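Below is one structure, written out as structure tokens, with a few remarks after it.
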Amino acid sequence: MDISMKIYFLALYFFVYGFLGWCTEVAFAGFKERHFVNRGFLNGPICPIYGAGVSLVILFLTPLQDHLLLLYIASVLLVTLLEGLTGWAMDKIFHNKWWDYSNMPFNIGGYVCLLFSLIWGVACVAIMEFIHPLIHKLLTFLPRPLGIGLIVIFTIILFADLYVTASEIFKFNRKLEAMEKIAQELHEISDQIGSDIYEKTVLAMETASDIKEKHRETLDELKERQQQALDELKEKQLQALDELKEKNELLQERRDAFKEHLEDLRETAGDFADRIDFREFTEDLRDRSMELSEDMKTRISALRLHYQELEQKPDRVARRLLRAFPRLESRNHKERVEKLKEKIGKR
Numbered sequence: 001m002d003i004s005m006k007i008y009f010l011a012l013y014f015f016v017y018g019f020l021g022w023c024t025e026v027a028f029a030g031f032k033e034r035h036f037v038n039r040g041f042l043n044g045p046i047c048p049i050y051g052a053g054v055s056l057v058i059l060f061l062t063p064l065q066d067h068l069l070l071l072y073i074a075s076v077l078l079v080t081l082l083e084g085l086t087g088w089a090m091d092k093i094f095h096n097k098w099w100d101y102s103n104m105p106f107n108i109g110g111y112v113c114l115l116f117s118l119i120w121g122v123a124c125v126a127i128m129e130f131i132h133p134l135i136h137k138l139l140t141f142l143p144r145p146l147g148i149g150l151i152v153i154f155t156i157i158l159f160a161d162l163y164v165t166a167s168e169i170f171k172f173n174r175k176l177e178a179m180e181k182i183a184q185e186l187h188e189i190s191d192q193i194g195s196d197i198y199e200k201t202v203l204a205m206e207t208a209s210d211i212k213e214k215h216r217e218t219l220d221e222l223k224e225r226q227q228q229a230l231d232e233l234k235e236k237q238l239q240a241l242d243e244l245k246e247k248n249e250l251l252q253e254r255r256d257a258f259k260e261h262l263e264d265l266r267e268t269a270g271d272f273a274d275r276i277d278f279r280e281f282t283e284d285l286r287d288r289s290m291e292l293s294e295d296m297k298t299r300i301s302a303l304r305l306h307y308q309e310l311e312q313k314p315d316r317v318a319r320r321l322l323r324a325f326p327r328l329e330s331r332n333h334k335e336r337v338e339k340l341k342e343k344i345g346k347r
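Numbering (our numbering), first residue to last: 1 to 347.
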């Protein structure tokens, strides 16, 4: 078989096995989820990694077809290399990890793991021994001009699909970035409000402490004046007792009146202390600190509304990809992607 025929059949193999791989993924997902899920990366019914993987096995490992053990080992190595490079490249290009084997033993970066590599090896041997001979025989009945025409048409559709999908993914990433910025700004506003509340609460505590200290000083001063007045009264009483015993009753009345005056002073000081309610004072300052400016309230409302719009309206391609790759993990916006997956899963 000359080189042109090899390229011709490899191109046909790519599309045939890419389609069969897509059918396998859809069937498995349908059995698991009990409804149709397009498990392909692209919108169309094709999984390029399956087409590329089987085509490479056919291209490089056909000479080992009669040596099943060598064919199996080589298939495991080749498919593992392809899956690992594909996962790594897609991660670097789109900043998303499309599948993750991190919870599986003997994995490499979550891109490949021993168990699935061994399974792919078995699948490749089965394809080479039983499926591919039949596929190749059927393709030989296809007129070459028709085959070339189909290859050209499918290639154009494939690249158009790839362009649309990649564009939507980059658009989705920009939307995630916008959501991340909104969430960050809301977080900063929340921190600012909390900081203001803390500062004003501390100020309230210090102010209340100063007021209590002044209250104590006032009471001490009143007590001192009371004692001084009593001492003066006693001295005057002793002097007046010798001279004016007859006026004892009058002095007694004055003494009682003075005591009543002192009691009034005490009650006035007590009322002053009662009016200084520290808790009420602190709560009043806290309430005032929560009275945000109209500009800040408007900003918070606008940010929340924009975030909800972005969260509730993921693009059709984004919704499909999140369903197709339930273990998809964003490198830069992990929390946002997880919330979107939860929302989509509830619909």
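Where is the CB? At the ideal position from N, CA and C, for every residue including glycine.
Note that the structure is a prediction, hence the values are computed from the model and not measured.
Local Cβ density within 10 Å of residue i, reported as buried at 16 or more and exposed below that
i, result
"Phe159", "exposed"
"Glu342", "exposed"
"His67", "exposed"
"Pro48", "buried"
"Tyr163", "exposed"
"Ala123", "buried"
"Ile153", "exposed"
"Arg275", "Interpretation of Arg275 is limited by its pLDDT of 49, a score under 50 that renders its predicted location unreliable; no figure is taken from the coordinates."
"Lys334", "exposed"
"Gly87", "buried"
"Ile3", "exposed"
"Lys346", "Residue placement at Lys346 cannot be trusted, given a pLDDT of 45 that sits under 50; what the coordinates show is reported in the next sentence. By the neighbour-count rule (16 or more Cβ atoms within 10 Å), Lys346 is not buried but exposed."
"Phe141", "exposed"
"Thr155", "exposed"
Inter-residue spacing [alpha-carbon to alpha-carbon] between residue i and residue j
i, j, result
"Ala27", "Val37", "9 Å"
"Ala89", "Thr298", "43 Å"
"Gly18", "Trp120", "15 Å"
"Glu129", "Leu61", "12 Å"
"Met5", "Ala178", "50 Å"
"Ala52", "Gln65", "19 Å"
"Gly109", "Glu188", "34 Å"
"Ala183", "Phe170", "20 Å"
"Pro63", "Tyr72", "13 Å"
"His95", "Leu10", "31 Å"
"Glu232", "Lys223", "14 Å"
"Ala324", "Asn107", "22 Å"
"Ser75", "Arg174", "39 Å"
"Phe41", "Arg316", "13 Å"
"Glu217", "Leu186", "47 Å"
"Phe272", "Gln227", "Low per-residue confidence applies at Phe272: pLDDT is 47, beneath 50, and the placement is therefore not dependable enough to give any value."
"Phe278", "Arg225", "Confidence at Phe278 is low in this model, with a pLDDT of 46, below 50, so the placement of that residue should be treated as unreliable; the coordinate-derived value is given next. Spanning the two alpha carbons is a distance of roughly 28 Å."
Proximity below 8 Å, CB of residue i to CB of residue j
i, j, result
"Tyr8", "Gly147", "yes"
"Leu176", "Val337", "yes"
"Arg319", "Asp100", "no"
"Ser55", "Phe14", "yes"
"Val57", "Leu78", "yes"
"Asp161", "Gly44", "yes"
"Glu25", "Arg34", "no"
"Ile151", "Leu20", "no"
"Leu322", "Leu340", "yes"
Of the listed residues the options, nearest to residue i (C-alpha basis)
i, options, result
"Ile127", "His333, Ser330, Val16", "Val16"
"Ser167", "Ser102, Ile93, Leu85, Leu114", "Ile93"
"Gly84", "Pro143, Ser102, Leu70", "Ser102"
"His136", "Ile157, Phe172, Thr165, Leu59", "Leu59"
Enclosing alpha helix (DSSP H) for residue i [first to last residue]
i, result
"Pro133", "132-140"
"Trp88", "68-94"
"Cys23", "3-33"
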